[in-house]
Each structure stands twice: as structure tokens, then as C-alpha cells.
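Take a look at the structure set out below.
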Amino acid sequence: MVNCDDPVQPWCHDASGSTGGSTFRSQEDMCSHDFSHVMFGIVMQDNQLMIARSANSCECWTNQGPTINLGIHIDTEVRGKVFLRTSGVSPYGLGAAGANPN
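Going by our numbering, the sequence shown opens with residue 34, and the numbers climb by one from there.
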């Protein structure tokens with residue numbers, strides 16, 4: 034998972050603002066990596082929660098362009114990079130609003 038404007042995923046901050054970590058990964062990488070299985074489970078249950086937009090980079094990500102619903106009914110023909118915003122609280126997906134960078 035890549036964070037365009039924050040070094041960590043929204044759910045990686047605890048009440049004190051700290052993140053988890055290990056000797057093998059940075060704190061930011063460890064949290065995002067450890068949480069990936071949770072995100073996978075969420076999109077398998079509801080493919081309307083995580084909607085991403087196609088873009089070449091964070092800098093090129095706009096409100097324009099095709100979207101893709103991540104989940105069990107994902108379009109397997111889609112290629113390239115996609116971006117989405119997430120929430121810091123369950124269920125973490127923002128639906129269609131998450132496909133927009135702002």
C-alpha cells in the first residue's frame with residue numbers, strides 16, 4: 034500500500050500518534066503490511082467499499098478517469114496503477130468518495 038500524502042495508513046496511528054514496527058521493516062511499512070489481510074477480507078465481503086481510480090502516480094491522480102471496484106468481482110482485464118483513500122475506522126473503505134484524491 035502506498036500513501037500519497039501521509040507516511041502511514043490512517044488506521045496505523047494509535048491514540049498517541051505512534052505506529053508499530055519491527056527490526057525488518059519501518060514502522061510505516063509494518064503497519065501497512067500487517068493490515069493488508071484485513072483489507073483483503075473487507076473487499077471480499079463488500080466490493081462497494083473500496084473503489085479506486087486509475088492513475089500513473091499520486092501526482093497524476095485526479096477526480097477524472099476510470100474507477101475499479103476492488104473485491105471479489107474485480108475486473109481482471111484492468112491493468113496499471115489504481116489509487117484510493119481509506120478511513121481510519123472500520124470498515125475503512127470510503128466507497129466512491131475514496132476514488133477521489135481530495
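From the three backbone atoms N, C-alpha and C, an ideal C-beta is built for every residue, glycine too.
Check for me: the beta strand (DSSP E) holding residue i runs from which residue to which?
| i | result |
| --- | --- |
| Thr100 | Thr100 to Asn102 |
For residue i, tell me which candidate among the options has the shortest Cα-Cα distance.
| i | options | result |
| --- | --- | --- |
| Asn89 | Cys37, Asp79 and Val115 | Val115 |
| Leu82 | Thr100, Cys45 and Asn135 | Thr100 |
| Gly126 | His66, Ser65 and Ala85 | Ala85 |
From the DSSP output, in three-state form, read off residue i for me.
| i | result |
| --- | --- |
| Ile75 | helix |
| Ser87 | strand |
| Gly131 | helix |
Buried or exposed for residue i, please, with buried defined as at least 16 other CB atoms from any protein chain shown within 10 angstroms of its CB.
| i | result |
| --- | --- |
| Gly131 | buried |
| Phe57 | With a pLDDT of 46 at Phe57, under the threshold of 50, the modelled position of that residue is not reliable, and the figure given next carries that caveat. Exposed, because fewer than 16 other Cβ atoms sit within 10 Å of the Cβ of Phe57. |
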